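Counting from 136, one number per residue, gives the positions in the sequence shown under our numbering.
Just so it is clear, CB atoms sit at the ideal spot from N, CA and C, and this is done for glycine as well.
Remember, it's a predicted structure, so these values are computed and weren't measured experimentally.
Read the structure below first, then the notes.
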Amino acid sequence: MKHVAYIALIALTACGTPAERAAERALREGAKTYRAQQYDQAASIYALASFDPRVAYNLGNTLYRRAQWDTAMAAYGQAIASAPVGPGQARAFHNLGNGWMHLAAQADTLAQQAGEQLSTIRIEGEDIGRKVHQFVVRDSLRTAQRDLEHLIDSALVQGAEAYKNALRRSPEDEDARHNLALAQGMIAARVKEAAEANAKDPNKDKDKGLSERAKLIMQKADELVEQHLFKDALKVMTDGLKADPTLKQQQEYMHKLDVVTKAAEAK
136 MKHVAYIALI ALTACGTPAE RAAERALREG AKTYRAQQYD QAASIYALAS
186 FDPRVAYNLG NTLYRRAQWD TAMAAYGQAI ASAPVGPGQA RAFHNLGNGW
236 MHLAAQADTL AQQAGEQLST IRIEGEDIGR KVHQFVVRDS LRTAQRDLEH
286 LIDSALVQGA EAYKNALRRS PEDEDARHNL ALAQGMIAAR VKEAAEANAK
336 DPNKDKDKGL SERAKLIMQK ADELVEQHLF KDALKVMTDG LKADPTLKQQ
386 QEYMHKLDVV TKAAEAK
C-alpha cells in the first residue's frame with residue numbers, strides 16, 4: 136500500500152495575515168524536522184497551524200509515520216474539510232484511505248489473537264469460582280472479537296469510500312485505483328467467508344436445509360457481492376427471507392452485509 140509523502144515547502148514571507156505567516160512558518164520548519172525523521176517535533180510544529188489544509192495534511196503524514204492511525208485520519212479529515220476541491224483533497228483522501236486500511240489490518244491481528252486465546256479456554260474442573268472466571272473471560276473475548284470484526288468491516292468500507300473520493304478528484308491516481316480494488320476484494324471475501332462459516336456451523340439445524348428457491352436467492356446475492364453491490368445483495372436476502380423462511384440459516388451472512396451497508400451509508 137503506497138503512502139503518499141507530500142511535504143509542502145513554501146518560503147516564509149513577511150506579507151500576509153498572522154495566520155498565513157504562521158502556516159508558512161509551520162510548513163517550512165515542520166518540513167525540516169520531518170525530513171530528519173524527528174516526527175514528534177514535526178507533529179508539534181504542524182499542530183500549531185493545522186487550520187491550514189496544507190499543514191493539516193502534513194500533520195496527518197507525520198502522525199501516520201508514528202502509526203497513530205486515528206489521529207492521522209482526523210488530521211486528513213481536517214485537511215479535506217478546509218481544502219478546495221482538487222489535488223490537495225485527493226491526496227488527503229488517498230492517505231485517509233490508507234489509514235483506514237491500516238486500522239482494518241490492526242483490528243484483524245487483534246481479532247485473530249482473541250480467537251487464539253478463546254480456543255485455549257476450557258470450562259472444566261470442580262472449582263466453581265474458577266469456572267465463573269473462565270466464563271467471564273470467554274464471554275469478554277467473544278465480545279472483543281465480535282467488536283473487532285465489526286471494526287474491520289467498517290474500516291474497509293470507509294477505506295474504499297476514501298479511495299473513491301480520491302479518484303473523483305484525481306482520476307489518474309492509479310495507486311488509489313489499485314487500493315480501492317484491494318479494499319473491495321477484501322470486503323467481498325469477508326462476506327463470503329461469513330456465509331461459508333455459517334454453512335459449516337455445527338450448531339445449525341441439519342434437518343432444515345435451504346430450499347431450491349433459497350439457493351437461487353443465495354446465488355443472486357453472491358453475484359451481487361462479487362460486483363461489490365452489497366446493499367443490493369442485502370435487499371435480495373431480506374426480501375428473500377420474507378418469502379422463504381429457510382434463509383434464516385444465513386443470518387450471519389445477512390448480518391455481515393448489513394454491517395457493511397450501514398458503514399457505507401454512514402460515510
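Open item on the list: Tell me the DSSP secondary structure of residue 212 in three-state form.
Closed with: helix
Task: Whole-Å CB distance - residue 368 paired with residue 359, under 8 Å assumed - done: 4 Å
Open item on the list: Given this structure, state the Cα-to-Cα distance separating residue 156 from residue 365, to the nearest angstrom.
Closed with: 48 Å
Task: Cβ-based burial, residue 151 [other Cβ within 10 Å; buried from 16] - done: exposed
Open item on the list: Given this structure, state the Cα-to-Cα distance separating residue 250 from residue 322, to the nearest angstrom.
Closed with: 20 Å
Task: Cβ-based neighbour list, residue 345, same chain, cut-off 6 Å, excluding 5 preceding and 5 following - done: Only 381 meet the Cβ criterion.
Open item on the list: Please report the straight-line C-alpha distance between residue 332 and residue 280, rounded to a whole angstrom.
Closed with: 15 Å
Open item on the list: Tell me the residue span of the alpha helix (DSSP H) that contains residue 154.
Closed with: Counting along the chain, the alpha helix (DSSP H) containing residue 154 begins and ends at 153–170.
Task: Separation of residue 246 from residue 240, as counted between CA atoms - done: 10 Å
Open item on the list: Alpha carbons only, please: which of 189, 242, 170 and 308 is nearest the one belonging to residue 158?
Closed with: 189
TODO: Just tell me which of 292, 254 and 356 has its CA closest to the CA of residue 372.
DONE: Nearest in C-alpha terms to residue 372, of all of 292, 254 and 356, is 356.
Open item on the list: Buried or exposed, going by whether 16 or more other CB atoms sit within 10 Å of the CB of residue 289?
Closed with: When all chains shown are included, residue 289 counts as buried.
TODO: Using a threshold of 8 Å, state whether the C-beta atoms of residue 162 and residue 193 are closer than that.
DONE: yes
Task: Sequence-distant residues of the same chain with beta carbon closer than 6 Å to residue 311, five excluded per side - done: 229, 298, 301 and 302
TODO: Report buried or exposed for residue 271, applying the criterion of at least 16 other Cβ atoms within 10 angstroms of its Cβ.
DONE: exposed
Open item on the list: Taking the straight line between their C-alpha atoms, what separation do you get for residue 390 and residue 330?
Closed with: 10 Å
- [ ] Determine the burial state of residue 185: buried for a count of at least 16 other Cβ atoms within 10 Å of its Cβ, exposed for fewer.
- [x] Here residue 185 is buried, its C-beta having at least 16 other C-beta atoms within 10 Å.
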